[in-house]
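**Q** Quick note, the sequences are listed as chains A and B, same order.
Be aware that the first sequence starts at 7, since it is given in my numbering, and climbs by one per residue.
Be aware that the second sequence starts at 7, since it is given in my numbering, and climbs by one per residue.
My structure is below; once you've seen it, I'll send some questions.
Protein chains: 2
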Amino acid sequence: MRAIEAEAVVRYTDAGGLAEALSGADALFVYDFLSMAVPGAWHAADRLHWLHIASAGVDPVMFPGLRESEVVLTNSRGVFDDAIAEYVLGVVLAFAKGFARSLELQREVRWQHRESERIAGTEALVVGTGPIGRSIARLLRAAGMRVSGVGRRARTGDPDFGDVHASSELALHLPSADYVVAVAPLTEHTKGLFDAKAFAAMKPSARFVNVGRGELVVTADLVAALREGALAGAALDVFDIEPLPSESPLWTLPNVLVSPHMSGDFLGWRNALVEVFAGNFTRWRAGEALHNVVDKQLGYVPSVS
Amino acid sequence: MRAIEAEAVVRYTDAGGLAEALSGADALFVYDFLSMAVPGAWHAADRLHWLHIASAGVDPVMFPGLRESEVVLTNSRGVFDDAIAEYVLGVVLAFAKGFARSLELQREVRWQHRESERIAGTEALVVGTGPIGRSIARLLRAAGMRVSGVGRRARTGDPDFGDVHASSELALHLPSADYVVAVAPLTEHTKGLFDAKAFAAMKPSARFVNVGRGELVVTADLVAALREGALAGAALDVFDIEPLPSESPLWTLPNVLVSPHMSGDFLGWRNALVEVFAGNFTRWRAGEALHNVVDKQLGYVPSVS
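The following block contains the structure:
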């Protein structure tokens, strides 16, 4: 931030001081991307032109006041893509090779030979075709999996996804998938996309991976599906309530991997996030077009293609 | 085995009946590849021409009686390559993403955000350049890692390994590796290759992966290195004594993943092993050259290249 402090008055604040700091500010950098403080302080945004958020998903700031304003919204698209892709490949392999069971047997000092699954040739359906979904698709494909995507518009011949199916046809493509990866932006169209009907359409041997947003899922339906054996496992990095409440059955259900919203947070991510903001700050000062401008009606940065 | 039973008298036996069954037999298929029964029954091999083993490593049958005989030895080269490669990529990602810690925190119902490591750009040294090592190199490279190999002869420009370093120079190449993967055949030259000196040459942040043979490692030296922090972790699928004795400190050392010699044993491996034998049986009956003929002086099937 040193370079920015040389060019602008920078006010650092927590949620409590946000309204006071926002008054008179031209730009706002929301570093705690899950903070719900912005709507409550919005009345004080008397000359704000630009809001930048330290995340890929912008759902926490998609409140009417911002959507209807002239304030330009930019996100941190790109920072997390490859780290999240590695995480997804990791949980796919953890399921296929039974690592959780190996660790359990190790704690019990038990030598119990088992057979494992191959991932080559298995089918992954990546729901969400933005840059994170694309990086996931590329890496799973490189590891020998068959990949297709689910996005806004159906298309074929995508270099990473191969086929992209329209999200309206999601249910048609769930039954053949061995791994279903949720990485769509959270919008009014995607909220609750993974509900009882979706889980019922999956194979009993399928695993569900959520690295998008918890609210893409109807959590009660996921819990019921896991209990009933409608799917074989889930790796969940995001939840509709975070931190995940201690009474959630997801903590203890078998074949569920819970991680604390960390899949994209590689060593160095904080610097990378500040660099994205600093790059846009330089462009903003120079009067140039900002990068990663969010379409506030869609709720994400539209892909170029 | 049905097809073979139509063409030959097939005797099935366990270790206790091996000598009796071996008398008068032309071919021996050792299915329990870790069995030490063959040397003890060798006196009964009165007309044996061919011994096939259901494994890639042939060290259990490398006793002088076989080495000095005219008996042709073939192995199951190829069956395990890609499954083991997936396993190695899986443990690399498990270390980088801290899955063991995530599972531990999950058991404790604790939400504790942590940062994770990237694997792209990290360096893997694959010690052993046979088909399993090659498959590992190919997959780690596809996942974005920088890979080099250690083999009998130094060479450059290998499509999978890039550079292959001579095993005599192993110590020179250990210090830069983030992941060291042991997959060399067990021979008199490789026994104890990973000793105190080798572990001392590794980075304190390095992880050691053994999917070759336990005896490639001086186990006491590995335990000491892990205790002293000379390396950051180990994923061990093979051990000098199997099953790993319950008193071994490897079961409980932090940052050690123990698995029960299963990395290559994907669903379907038993059929695949019988198919390899059946293919060679057909060639043998037709008087054709067998596949996967082991060089009994080297102790493995020499690569074509």
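Idealized CB from N, CA, C, for every residue including glycine.
Small disclaimer: the values here were computed from a predicted structure and weren't measured.
Which of helix, strand or coil does DSSP assign to V78(B)?
**A** Here V78(B) sits in strand by DSSP.
**Q** Compute the Euclidean distance between the alpha carbons of S311(A) and R158(A), then round it to the nearest angstrom.
**A** Interpretation of S311(A) is limited by its pLDDT of 45, a score under 50 that renders its predicted location unreliable; no figure is taken from the coordinates.
**Q** Taking 7 angstroms as the limit between beta carbons, can you name the residues of its chain near R161(B), skipping five residues before and five after?
**A** Correct list, in chain order: V170.
**Q** Report the partner residues of N216(A) according to the DSSP bridge assignment.
**A** According to DSSP, N216(A) bridges with A188(A), L242(A).
**Q** Should S82(B) be labelled buried (16 or more other beta-carbon atoms within 10 Å of its own) or exposed?
**A** Under this definition S82(B) is a buried residue.
**Q** I need the straight-line Cα distance from T80(A) to V67(A), nearest angstrom please.
**A** C-alpha separation (whole angstroms): 11 angstroms.
**Q** Compare the C-beta of M268(B) against all C-beta atoms of chain A and say whether one is closer than 9 angstroms.
**A** Yes, contact with chain A.
**Q** Should the segment 68 to 79 of chain A be regarded as contacting the segment 261 to 281 of chain A, the criterion being three or more beta carbon pairs within less than 8 angstroms?
**A** No, the segment 68 to 79 of chain A does not touch the segment 261 to 281 of chain A.
**Q** Counting only Cβ pairs nearer than 7 angstroms, list the residues of chain A close to R120(B).
**A** Result: M268.
**Q** Considering just the uninterrupted stretch of the beta strand (DSSP E) at V153(B), what are its terminal residues?
**A** Note, V153(B): beta strand (DSSP E), 152 to 157.
**Q** Identify whether T193(A) lies in helix, strand or coil by the three-state DSSP scheme.
**A** The answer is coil: DSSP assigns T193(A) none of H, G, I, E or B.
**Q** Between N298(B) and A31(B), what straight-line distance do the alpha-carbon atoms span, to the nearest angstrom?
**A** Approximately 21 angstroms, taken between the alpha carbons.
**Q** For S252(A), go through chain B and note every residue whose CB falls closer than 7 angstroms to its CB, in chain order.
**A** Within chain B, the residues near S252(A) are V115.
**Q** Here's the rule I'm using: 16 or more other beta-carbon atoms within 10 Å means buried, otherwise exposed. How should H195(B) be labelled?
**A** Its Cβ having fewer than 16 others within 10 Å, H195(B) is exposed.
**Q** Where do the N-terminal and C-terminal ends of the beta strand (DSSP E) with V64(B) fall, by residue?
**A** No beta strand (DSSP E) contains V64(B), which DSSP labels as neither H nor E.
**Q** Just checking: is the beta-carbon of T258(A) within a distance shorter than 9 angstroms of some beta-carbon in chain B?
**A** Answer yes: the Cβ-Cβ gap between T258(A) and chain B drops below 9 angstroms somewhere.
**Q** What residues from chain B crowd round V244(A), counting only those whose CB sits closer than 7 angstroms?
**A** Result: empty, since nearest Cβ-Cβ is about 12 angstroms, beyond 7 angstroms.
**Q** What residue range is occupied by the uninterrupted alpha helix (DSSP H) comprising T162(B)?
**A** Counting along the chain, T162(B) falls outside any alpha helix (DSSP H), though it belongs to the beta strand (DSSP E) covering 161 to 164.
**Q** Can the beta-carbon of V244(B) be found less than 9 angstroms from the beta-carbon of V64(B)?
**A** In this structure, V64(B) does not lie closer than 9 angstroms to V244(B) by Cβ.
**Q** Could you spell out the range, first to last residue, of the beta strand (DSSP E) harbouring D169(B)?
**A** Note, D169(B): beta strand (DSSP E), 168 to 172.
**Q** Three-state secondary structure (DSSP) at A12(B)?
**A** The answer is coil: DSSP assigns A12(B) none of H, G, I, E or B.
**Q** Contact criterion: CB-CB distance below 9 angstroms. Does V85(A) meet it with respect to chain B?
**A** Closer than 9 angstroms: no.
**Q** Could you check what DSSP says for A202(B) in three-state terms: helix, strand or coil?
**A** Looking at A202(B) - three-state DSSP - the assignment turns out to be helix.
**Q** Would K249(A) count as contacting chain B if we go by Cβ distances under 9 angstroms?
**A** Note that residue 249(A) corresponds to Pro in the displayed sequence, not to Lys. Taking Cβ atoms only, chain B reaches closer than 9 angstroms to P249(A), which makes this a yes.
**Q** So the beta strand (DSSP E) A130(A) belongs to, where does it begin and stop?
**A** Note, A130(A): beta strand (DSSP E), 129 to 133.
**Q** Below 8 angstroms on the Cβ atoms is my guess for S287(A) versus I10(A); work out the distance and round it to an integer in Å.
**A** The amino acid at residue 287(A) is misidentified as Ser; the sequence shows Phe. Right, their Cβ atoms sit about 5 angstroms apart.
**Q** When you compare the CB of S61(B) with every CB in chain A, is at least one pair closer than 9 angstroms?
**A** It does not; no Cβ of chain A falls within 9 angstroms.
**Q** For A89(A) and chain B, any beta-carbon pair shorter than 9 angstroms?
**A** It does; some Cβ of chain B falls within 9 angstroms.
**Q** Here's a check: name, in chain order, each residue in its chain whose Cβ is nearer than 6 angstroms to the Cβ of A91(B), leaving out the five neighbours to either side.
**A** Here the set comprises S141, I142, L145.
**Q** DSSP on F39(A), reduced to helix/strand/coil?
**A** Coil, per DSSP.
**Q** Whole angstroms is fine: what's the gap from V115(A)'s alpha carbon to A106(B)'s?
**A** About 16 angstroms.
**Q** At a CB distance below 8 angstroms, what residues from the segment 297 to 308 of chain A approach chain B? Give them in sequence order.
**A** Cβ contacts with chain B: none found.
**Q** So for H58(A), helix, strand or coil by DSSP?
**A** Correct three-state label for H58(A): strand.
**Q** With C-beta atoms as the reference, is V189(B) less than 9 angstroms away from F167(B)?
**A** Not closer than 9 angstroms, so no.
**Q** Do G150(B) and D87(A) come within 9 angstroms of each other at the CB atom, strictly closer than that value?
**A** For D87(A) and G150(B), no; Cβs fall outside 9 angstroms.
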